[in-house]
Structures are given as C-alpha cells and as structure tokens.
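*Asks:* According to the working numbering, the sequence shown is numbered sequentially starting from 7. The beta-carbon is built from N, C-alpha and C at its ideal position, and this holds for glycine as well.
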Amino acid sequence: MTIEILEGGCLCGAVRYQVSGPPLMAALCHCSMCRRANAAPAVAWAMYEQSQVAFVKGAPRLFASSAEAQRGFCPDCGTPISFTADFIPGLIDITIGSLDHPEQVPPTLHYWDSRRLPWVQFADDLPRFSEFPPTE
7 MTIEILEGGC LCGAVRYQVS GPPLMAALCH CSMCRRANAA PAVAWAMYEQ
57 SQVAFVKGAP RLFASSAEAQ RGFCPDCGTP ISFTADFIPG LIDITIGSLD
107 HPEQVPPTLH YWDSRRLPWV QFADDLPRFS EFPPTE
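#1: In three-state DSSP terms, what is aspartate 99?
#2: What are the boundary residues of the alpha helix (DSSP H) that includes arginine 67?
#3: Using alpha carbons as the reference points, say which of Gly84, Ile100 and Pro29 lies closest to alanine 91.
#4: Compute the Euclidean distance between the alpha carbons of glutamate 55 and serine 26, then round it to the nearest angstrom.
#5: Measure the alpha-carbon distance for arginine 42 versus leucine 123 and round it to whole angstroms.
#6: Specify, as a first and last residue, the run of the alpha helix (DSSP H) that arginine 41 falls within.
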C-alpha cells in the first residue's frame with residue numbers, strides 16, 4: 007500500500023513541508039482567533055498526527071496565540087502554516103491553503119460555527135459544530 011504524500015509551503019518558498027497519509031479531519035474554523043491570525047473570514051485546517059508532518063525546508067516561527075496554543079508562520083513572508091494546542095496533544099493543524107494542491111483536502115465540517123460571520127455563506131452542506139467538534 008502506497009502512502010500518499012502531499013507537499014506544501016509558504017508564499018516565498020522559505021518553508022516547505024510534506025504530510026504523509028490522510029488527515030484525521032479537514033474543517034473550516036470560524037473562531038475569532040483563527041480569523042484574526044489568518045486575516046480571513048474562516049480558515050481551512052487539515053489535522054494530522056505530528057508524526058505525519060515533516061518540515062523539509064526551513065521551519066515555521068512559532069507564536070503563542072494563547073496560554074495553550076501556538077501558531078506557526080513563515081518567518082520571511084508571514085504565511086500562516088500550522089496550529090498546535092495543549093487540548094489536542096500530539097496533533098498539528100496545517101492550513102489547507104498552504105498545500106500545493108489544496109483541492110485534494112476538502113473540508114468536511116465547520117467548527118466554531120457559533121462565531122461565524124453572518125455574511126459568510128459557503129460549504130453550507132457540511133456539518134456544523136457551535137464550538138470545537140468532538141474528538142471521538
């Protein structure tokens with residue numbers, strides 16, 4: 007069995023990564039912190055085991071966006087790349103938009119939909135969770 011490897015990176019090319027295997031989850035997050043950190047009305051994330059992600063060129067600079075979470079971004083161009091948090095130990099979210107082929111990882115749900123901006127209407131046929139989805 008061949009494990010699919012997807013590649014991605016930042017806008018300037020200083021940070022490149024590979025992910026192996028399918029994500030545990032792909033979702034659109036509507037929380038205010040993700041919106042602000044990514045300057046976007048929602049953020050598409052793909053969640054992986056940390057062992058599935060390898061940074062092959064450069065590394066993201068980490069910013070503690072809260073006492074329990076860190077966001078990774080390119081230190082040169084600022085492209086948002088990753089998210090890790092104490093409440094999801096051993097897991098890492100990768101911005102789907104930083105994948106070379108984001109169409110290969112379509113989101114399957116919305117979370118923090120309770121924080122969705124009222125004018126944001128897309129992928130409306132996906133399940134919605136008012137906060138973070140169940141991990142089981």
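*Replies:* Once the coordinates are examined:
#1: Position 93 of the sequence shown, counted from the start, is the residue given in the question as residue 99. Strand, per DSSP.
#2: Within the sequence shown, numbered from 1, the residue matching residue 67 stands at position 61. Taken as a continuous stretch (DSSP letters only), arginine 67 belongs to no alpha helix (DSSP H), being part of the beta strand (DSSP E) at 67-72.
#3: Sequence index remark: in the sequence shown, residue 91 carries index 85 (1-based). When Gly84, Ile100 and Pro29 are compared, the shortest CA-CA separation from alanine 91 is found for Ile100.
#4: Here the question's residue 55 lines up with position 49 in the sequence shown. Here the question's residue 26 lines up with position 20 in the sequence shown. Distance between the alpha carbons of glutamate 55 and serine 26 is about 10 Å.
#5: Taking the first residue of the sequence shown as position 1, residue 42 is located at position 36. Taking the first residue of the sequence shown as position 1, residue 123 is located at position 117. When rounded, the distance between both Cα atoms is 12 Å.
#6: Along the sequence shown, one-based indexing puts residue 41 at 35. Here the alpha helix (DSSP H) through arginine 41 covers 38-44.
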